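Inspection log for the structure reproduced underneath, given as C-alpha cells.
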Amino acid sequence: MSNLKIYNTLARDKQTFVPIEAGKVRMYVCGMTIYDYCHIGHARMMMAFDVMYRWLLASGYEVTYARNITDIDDKIIKRAVENGETISQLTTRFTKYMDEDTGALGILPATLVPRATEYVPQMLALIETLESKDLAYQGADGDVNYAVRNFPNYGKLSGKSLDDLRAGERVDVNTGKRDPLDFVLWKASKESEPDEVKWDSKWGKGRPGWHIECSAMCSALLGEHFDIHGGGADLQFPHHENEIAQSEGAFGHTMVNYWVHNGFVRVDNEKMSKSLGNFFTIRDVLKKYDAEVVRFFILRAHYRSPLNYSDMHLDDARVALTRLYTALDGVEGDGLALDWKEAHAVRFAEAMDDDFNTPVALAVLFDLASELNKSKSPAVARQLKALAGVIGLLARTPQEFRQAAVGEADASGDAAIAEQIAKRIEAKKARNFAESDKIRADLLAAGVILEDKPDGTTNWRRA
Ligand SMILES: [Zn+2]
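Going by the working numbering, the first residue of the sequence shown is number 3, and it counts up by one from there.
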C-alpha cells in the first residue's frame with residue numbers, strides 16, 4: 003500500500019511499516035493529563051501525531067486513532083482542591099480549552115477520545131488478571147503494585163536491564179513495594195480525598211495508577227495487539243515500559259508493533275520549565291502569532307529532533323510561510339484533486355514516507371512556490387495548495403492569511419489598519435479579549451502601535 007518507514011523506538015531503527023490488518027491502522031497516543039492549559043511542548047506532541055495521522059489517511063489507510071484524556075491523577079486532585087472546584091469541573095474546563103487550542107492549530111480530532119474515568123472496570127479487570135498471574139500484589143499500605151521482577155521482558159523499550167534501572171532508583175522505605183521499580187496499579191484512597199476519585203474494588207476503595215489507565219484504554223478500544231503507540235520522548239520510561247509490562251504480562255503476547263516518540267521542545271536552547279520562566283502556553287503563543295505560523299514552525303523540524311522555540315524562529319516562520327502564500331497571489335489554485343504522479347508530489351511522498359520527514363516535504367513546497375512565481379500556472383498552484391493541505395497548511399487565500407498573520411497593515415495600508423481597529427473594538431465590546439489582544443499583537447508585529455483612549459476610541463501610529 004505504501005512505502006512508509008517509521009522509526010521504532012523498540013528496534014532503535016527505521017522499519018518498513020506493515021499493518022497488522024491490511025489497509026487498516028490502529029494507533030494510540032498518550033494524551034493530556036488535564037489540569038492546566040496546554041503548553042508548546044504539548045502542541046508539539048499533538049502536532050507530531052496529527053501529521054502521522056494525516057499521512058496515514060493520505061496513504062489510503064483506514065485509521066483508528068485514539069488519544070486519551072487522563073482525568074484521574076494526583077496533580078488533578080491537588081489542583082481541584084486548590085481551586086475549590088470539583089474534579090469534573092476542572093477537567094471539563096481544561097478539556098474545552100485544549101480542544102480550542104488544538105482546533106486553532108489545525109490538529110484533527112482523534113477518532114476516539116477515551117477518558118480514564120470511563121474505563122475503571124476495565125482497569126480493575128486487568129489488575130485482577132495480573133494478580134492471577136503473580137504479576138501484582140497488594141502491599142502493607144493497601145496499594146496494589148506491579149511486580150517487575152516477575153516480568154522477564156521488563157526494560158525492553160528503554161533498553162535497560164532491571165539492575166541498570168534499579169541503580170538509578172531511590173529506595174523509598176515508606177511504601178509496601180517489594181522492589182523499588184515496582185509501580186502502583188491501584189492506589190488505596192485516603193480519608194482526606196474527595197469521594198469523586200474513589201472506586202470500590204476487591205482491594206478496597208481507591209483509584210487507578212496512571213500506567214494501568216493507558217493499558218486498559220488502548221486494549222479496550224484497539225485490541226490486545228495493535229500497530230502504533232506513541233507519546234512524548236519523556237514517556238518512554240517508565241510510562242511506556244510499564245504499559246508493556248502490564249499489557250504483555252496480562253495478555254501473554256506482543257502489545258504494539260511500532261513505538262513512536264516525539265522530541266522535546268527547548269526555549270532559546272534551554273529546557274522549558276515553569277521555574278525558568280520560559281514556559282509558554284499555546285494561548286500565550288497564539289496571542290502573538292497566527293496559528294498557521296505556529297503549525298508551520300513546528301513542522302519545520304523533524305518530529306524526533308529537538309524543537310527550539312524562540313520569537314526569532316517564529317518570526318522567521320512567518321516570513322517563510324508568507325513566501326508560500328505570496329506565490330499563490332493572483333493565481334486560481336482551487337478545484338481538481340492532487341496529482342500524485344507529478345514530480346513534486348512524488349518527492350513529497352518520499353519525504354513523508356521516510357519517517358514523516360516534514361522539513362524535506364516543506365522544501366518541496368518551496369520548490370513548487372518558486373516554479374509558481376515564474377509560471378503563475380494554475381496547475382502548479384493547485385498542486386502546491388493540495389500538497390500543503392495534506393499536512394494542514396495553505397488552506398486560506400493569500401489575502402486571508404496576510405490579514406490574520408501580518409495584520410494586512412503593510413499590504414494595503416491605512417484602510418486595512420482602520421478595519422482591524424474597528425474589529426478590535428467590536429471584539430472588546432463582545433468581551434472577546436483573546437481576539438482583541440490578538441489583533442493588537444498582529445498589528446504590532448506589522449509595526450503598528452495602538453493607543454486606547456479613555457473615550458473608547460483607538461489611535462494608531464507606526465513604530
Ligand atoms: Zn499513556
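By construction, the Cβ of each residue, glycine as well, lies at the ideal position given by its N, Cα and C atoms.
This one's a predicted model, so the numbers in the text were calculated from it and none came from an experiment.
The continuous stretches of alpha helix (DSSP H) do not include Gly233, which lies in the beta strand (DSSP E) extending over residues Phe228 to Gly234. As for any beta strand (DSSP E) of minimum length 3 sitting wholly inside the segment 428–463, the runs are 450–454, ordered along the chain.
Straight across, the Cα-Cα distance linking Phe403 with Thr324 is about 8 Å. Around the CB of Ser90, fewer than 16 other CB atoms lie within 10 Å, so the residue is classed as exposed. In this structure, the C-beta of Leu237 approaches ligand 1 to less than 8 Å from one of its heavy atoms. A distance of 9 Å or more separates the beta carbons of Thr97 and Ile42. At least one heavy atom of ligand 1 lies closer than 8 Å to the C-beta of Glu245.
For Leu370 and Tyr260, the gap between their C-alpha atoms comes out near 33 Å. Boundaries cannot be given for Thr88, as no beta strand (DSSP E) includes it and DSSP labels it neither H nor E. One Cα belongs to Asp15, the other to Leu167, and the distance between them is close to 22 Å. Contact annotation: the segment 281–290 touches the segment 97–116, with at least three C-beta pairs closer than 8 Å.
Beta-bridge pairing by DSSP links Gln17 to Ile8. Ser217 sits buried, since 16 or more C-beta atoms from the chains shown fall within 10 Å of its C-beta. Here His41 carries a strand assignment [DSSP, helix/strand/coil]. Listed as beta-bridge partners of Lys273 by DSSP are Arg268. Taking each of Leu223, Ala50, Asp331 and Val20 in turn and checking the Cα distance to Ile109, the smallest one comes out for Ala50. Glu102 carries a helical assignment under DSSP once its states are collapsed to helix, strand and coil.
Taken from the Cβ of His213, at least one heavy atom of ligand 1 lies inside 8 Å. Look at Tyr121 here: in three-state DSSP terms it is coil, with no helix or strand label. The C-alpha of Pro21 lies about 6 Å from the C-alpha of Asp229. The three-state reading of DSSP puts Tyr156 in coil, since its state is none of H, G, I, E or B. In the three-state reduction of the DSSP assignment, Thr360 falls in the helix class, which pools H, G and I.
Arg28 has Thr66 as its beta-bridge partners, per DSSP.
In this structure, the CA atom of Lys179 is about 31 Å from the CA atom of Asp38. Within the segment 186–229, the runs of alpha helix (DSSP H) that reach at least 4 residues and sit entirely inside it are, in chain order, 212–224. Only exposed fits Gln401, as fewer than 16 other CB atoms lie within 10 angstroms of its CB. A distance below 9 Å separates the beta carbons of Glu243 and Ser160.
Looking at the backbone, the Cα of Phe281 and that of Ala448 are separated by about 25 Å. Counting every other CB atom within 10 Å of its CB across the protein chains shown gives Glu294 a total of 16 or more, marking it as buried. For the pair Met48 and Thr104, the CB atoms are nearer than the 9 Å cut-off. Per DSSP, the beta-bridge partners of Gln140 are Val146. If the five residues before and after Thr93 are omitted, its C-beta is found closer than 6 Å to the C-beta atoms of Ile36 and Asp73, all from its own chain and listed in chain order.
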